[in-house]
Every structure is written in C-alpha cells, then in structure tokens.
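S.K.:
Number of protein chains: 2
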Amino acid sequence: MIKCNIPKPTVKRLFLYIRCLRRVDVSIHPTISSKELADRLSLNANQVRKDFSYFGKFGKRGVGYRVTKLRKYLEKIAGITTTWNLAIVGMGNLGKAIFHYKGLEKSSFKIVAAFDKDHRKIGKKIGKGFEIMDIKDFSSVARKQKIDIVLLSVPASAAQEVTDIVVKSKIKGILNFSTIHVKTPEDISVEDADFSIFLRALIFSIMYQEQCL
Amino acid sequence: MIKCNIPKPTVKRLFLYIRCLRRVDVSIHPTISSKELADRLSLNANQVRKDFSYFGKFGKRGVGYRVTKLRKYLEKIAGITTTWNLAIVGMGNLGKAIFHYKGLEKSSFKIVAAFDKDHRKIGKKIGKGFEIMDIKDFSSVARKQKIDIVLLSVPASAAQEVTDIVVKSKIKGILNFSTIHVKTPEDISVEDADFSIFLRALIFSIMYQEQCL
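Order-wise, the sequence lines are chains A and B. Under the working numbering, the final residue of the first sequence carries the number 213; numbering is consecutive throughout. Under the working numbering, the final residue of the second sequence carries the number 1213; numbering is consecutive throughout.
Structure representation (structure tokens):
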C-alpha cells in the first residue's frame, strides 16, 4: 500500500533509485542492501529505508532486496510502466526544442499533438507526419488523442490564458515551462520546469569541488 | 566552515531552503525553527538540521534562526551573491530558448556570449547587441568575456567534440543539455539538465494526488 502525502524529495529520490538499479549488473549483484544502494547515491541507509516505507512493505531484514524485483516494483510505483500522451502547447523555440528532445523514454512518453495560436505556425509540418494545430481545436484533439499531459511552453504573458483553455479538457497535468505560476483546478497537477535548478546545482559543485580536490 | 563531499540531495535542498526563506514575511516571522522550515517543505526537522550541519555552525538551540541572517548566509554558500558569466554553445531551438529564458536571476547569471559552428548562423543578431559567434573563436572570447559556464545545447552527436574544445579554456563548469554523458577534466564540473525529471515528478503527483484527494 502506498502512502498519501509522500514528501517531494522522496519522490525525486524514487527516480534516482530506479536509475541506479537499472545500472546494477544483476548477474554479479542479484541482491542489494539499503546500505549499498545508499552508498551508490551518497545518501544514508536510514533515508533509503524511510523512503521505501512510503512505498509499502518489501525486502527482508538482513537479506537485502532482489534487484530486478525491486526495480520493477519501483517502476510500477513511478508510473514508468504506463504510457503517457503528451501535447506541447506553444511551438516557439522551446516548444520545438522539446518536440525534438531525444531524452524522453520512448516507452513512457509519447508526444501526440502540438499546438499554437499563431496562424503563421498552424498547419506547418514538424517532424514526420506532425502538423502544428490551432489551440482552438484543443478540446476535440484532446478527446481523440487522449492527451494526458500538456507541456506548456508559451510566454509568461499567455500562460494563464492557455492554461484556462486546456484545463477544460480531461487532462491530468501540466508541465509548466513558463516562468509564472499558473492556477489550475484542484484535480489537475502542475509541476514547474525551472532549468535554473540545474544551473544552481552546477555552481554549487563548482564552488565546493574546487576546495575539495 | 563548509564540509566537503556534501551529498547532492543536500545541495538541491539548499536551494529549496533559500526559496522558502525568501517567501517568509520577516515583519511577522523574524525567526524560524528547523521544525517550521521542515514543515513548509514537507521534510522532517532532523533532515534540516543534518543538512545545515554540512554548512557550518549557526542558530541557537530553542531560539531558531533569524530568517534574514539565515537566508543571506545560505545565499552566500550557494554562490548566489556572485555573478556567473554564461555562454551558450549551440544556437538551435534549445539554445535560442535558453537565450530568451526569463527565469534566470539577473543578479546571479549573465549571458555574455553565444556560439555555433553553422556558418548560416554565425554573425546573426540575437537579442540586443548580441551576435552568434564562431565556436572556433571560443578561447579568445572566453578570455575576454571571462566565461565561467558553458550551457551546452548541441545535438548529442556533437556534444563530446564541442566539450573537448571548450574545456581547453579556463571555464569552470558545463551545464549539459545534450542527452549523452560528456567527459571533462577533473577540475571542470558537469551537471546534466534532464527535463524528464520534472515530467516524472509530475506523473507521480498525478498518480498519487488522485487517490489522496
């Protein structure tokens, strides 16, 4: 049984655990302890066990976890075994960059539509067989293509207006690339994608790696 | 005194602490306890105290922290009080999107140059007074403009080749937007900017918020 109100840092670590487990050579290491997993991720074992307690009961004391079983279990929890249909709204530079981004796991994510409101862009081909659609047609396309998630890549000035349009359809969440906070109904999740987080982490490692070398 | 080998999750939380402290109305709450800070961020107070122990000794037992003093101290640790000169290398859709990104704190980050190897792009104006430069001129521009950080937004196929060029100059770090891992000399930090992290966090909140509402 998975607990409600899982802390956000635990959620972020869930994906670190999965990535780490995928890299384990199970022919050499069929099992892994929370201590070993913690060491590989520079965490402490208590933190790992605490995180796992949010996800349910598994693993035997003293034996460790079966790597493959643990990985599959965590992947299921993380929703990686499901395919999510994505639509990009806002086909400026950022929208195009996202469309061509190669880093999405093909099994989990599928871009099914791309929208804009600019008539110079609407109808234009992008990628194989893809055409930029009019945001006015969002609701009918969302129904037909079963859009789950909107990647919102419009300028800040248009972000709320576009959000108000897309939440009228049965979408489940918005990944917000604009730099303002957008308001949605309670049942539609929003996550802000702010790349300066990576930049700040880099700076930190520059500042403190230097003196630690 | 700041400790070496600070765990990555602690570094990420450092920025959460700063963001949270910035939002505190100090006229109402001049001080904050680790418990209050933890509650605001869905962490536990022990975690907060443990994180802070990496950053040095501060705060009085039972009294809590002075919000403004704590914020300034953490900002200094995080390098936010310094200005970092950035160069974008790779002026495709992603490079352009980064160039026009409004979310960078103006006080901490300054884009000082943009490069490409495509002769159709070199010399083109981008933004006010900005011109895309030839990657061949990187080292002389890096010296003149004091480039600290390269935002690497080239395709995966060119990422290592371009990395090998830029690390010959005295840069400090690379924020890698390409989807492959790049190798650098030990004294040059690399951080991978992988936006699917945000997407996965969104999916998690979709899956578990639903049943928790």
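Beta carbons: idealized from backbone N, C-alpha and C, even for Gly.
1. Using the rule of at least 16 other Cβ atoms within 10 Å of the residue's Cβ for burial, across every protein chain shown, is Y17 (chain A) buried or exposed?
2. Closer than 7 Å by beta-carbon distance: list the chain A residues that pair up with G1079 (chain B), in chain order.
3. Kindly list, in the order they appear in chain B, the residues whose Cβ is closer than 8 Å to that of L70 (chain A).
4. Using DSSP with H/G/I as helix, E/B as strand and the rest coil, what is F1115 (chain B)?
5. Measure the alpha-carbon distance for F130 (chain A) versus V112 (chain A) and round it to whole angstroms.
6. Taking all protein chains shown into account, decide if S1027 (chain B) is buried (16 or more other Cβ within 10 angstroms of its Cβ) or exposed.
7. Between N1093 (chain B) and chain A, is the shortest Cβ-Cβ distance under 7 Å, so that the two count as touching?
8. So what's K110 (chain A) in DSSP terms, helix, strand or just coil?
9. Hey, is I77 (chain A) close to the ligand COA, as in C-beta under 6 Å from one of its heavy atoms?
10. Please state the DSSP three-state secondary structure of V89 (chain A).
11. Report buried or exposed for D192 (chain A), applying the criterion of at least 16 other Cβ atoms within 10 angstroms of its Cβ.
12. Give the DSSP-derived three-state secondary structure of Y1017 (chain B) in the structure shown.
13. Compare the beta carbon distance of I1132 (chain B) and A1114 (chain B) with 7 Å and say whether it is the shorter of the two.
14. What residue range does the alpha helix (DSSP H) around T77 (chain A) cover?
15. By DSSP, does A193 (chain A) sit in helix, in strand, or in coil?
16. Counting along the chain, where does the alpha helix (DSSP H) carrying I1165 (chain B) start and finish?
17. Relative to the C-alpha of S140 (chain A), which candidate in A:S153, A:K168, A:T10, A:I122 has its C-alpha closest?
18. For K1102 (chain B), does the three-state DSSP call read helix, strand or coil?
19. Would you say A1113 (chain B) lies against chain A (beta-carbon separation less than 7 Å)?
20. Could you tell me if R13 (chain A) is buried or exposed, where buried requires 16 or more neighbouring beta carbons within 10 angstroms of its beta carbon?
21. Select from the segment 1184 to 1203 of chain B all residues with a C-beta closer than 8 Å to any C-beta belonging to chain A, and list them in chain order.
22. What ranges does the alpha helix (DSSP H) occupy inside the segment 22 to 51 of chain A, keeping only unbroken runs of at least 4 residues that lie completely in it?
23. Name the chain B residues that come within less than 8 Å of K170 (chain A), Cβ to Cβ?
24. Measure from the C-beta of G1129 (chain B) to each C-beta in chain A and report whether the shortest distance is under 7 Å.
25. Can you list, in chain order, the residues of its chain with a C-beta nearer than 8 Å to that of K992 (chain B)? Leave out the 5 residues immediately preceding and following it.
26. Ordered along the chain, which non-local residues of its own chain (more than five positions away) have a Cβ less than 8 Å from that of I188 (chain A)?
27. Would you verify that the beta carbon of L37 (chain A) is, or is not, closer than 7 Å to some beta carbon of chain B?
28. Is the segment 1024 to 1038 of chain B close to the segment 1072 to 1080 of chain B, with three or more CB pairs under 8 Å?
29. Using a 10 Å radius around the Cβ and a threshold of 16 neighbouring Cβ atoms, would you call F58 (chain A) buried or exposed?
30. Cα separation between V150 (chain A) and G1056 (chain B)?
M.R.: Taking the definition as stated:
1. Per the 10 Å Cβ criterion, buried.
2. I203, F204, M207
3. Near L70 (chain A) there are no residues of chain B at all, since even the closest Cβ is about 17 Å away, more than 8 Å.
4. F1115 (chain B) falls in the strand class under three-state DSSP.
5. 9 Å
6. Its Cβ having fewer than 16 others within 10 Å, S1027 (chain B) is exposed.
7. yes
8. K110 (chain A) falls in the strand class under three-state DSSP.
9. With respect to the ligand COA, the structure offers nothing, as it holds no ligand at all.
10. Assignment of V89 (chain A) by DSSP, reduced to helix, strand and coil, places it in the strand class.
11. Burial state of D192 (chain A) is buried, judged by a 10 Å Cβ sphere holding 16 or more other Cβ atoms.
12. Three-state result, Y1017 (chain B): helix.
13. yes
14. The question names Thr, yet the displayed sequence has Ile at residue 77 (chain A). 67 to 77 is the span of the alpha helix (DSSP H), which, as asked, contains I77 (chain A).
15. coil
16. Membership of I1165 (chain B) in the alpha helix (DSSP H) is indicated by the continuous run 1156 to 1166.
17. Measuring from the Cα of S140 (chain A), the nearest candidate turns out to be A:K168.
18. coil
19. no
20. buried
21. If the cut-off is 8 Å between Cβ atoms, the segment 1184 to 1203 of chain B has E1186, D1187, S1189, V1190, E1191, D1192, A1193, D1194, F1195, S1196, I1197, F1198, L1199, R1200, A1201, L1202, I1203 near chain A.
22. 34 to 40
23. Ordered by position in chain B, no residue passes the 8 Å Cβ test against K170 (chain A), which lies about 12 Å from the chain.
24. It does not; no Cβ of chain A falls within 7 Å.
25. The question about residue 992 (chain B) has no answer, for chain B in this structure spans 1001 to 1213.
26. V167, I171, K172, G173, I174
27. no
28. Between the segment 1024 to 1038 of chain B and the segment 1072 to 1080 of chain B, the count of C-beta pairs closer than 8 Å stays below three; the two stretches do not touch.
29. exposed
30. 42 Å
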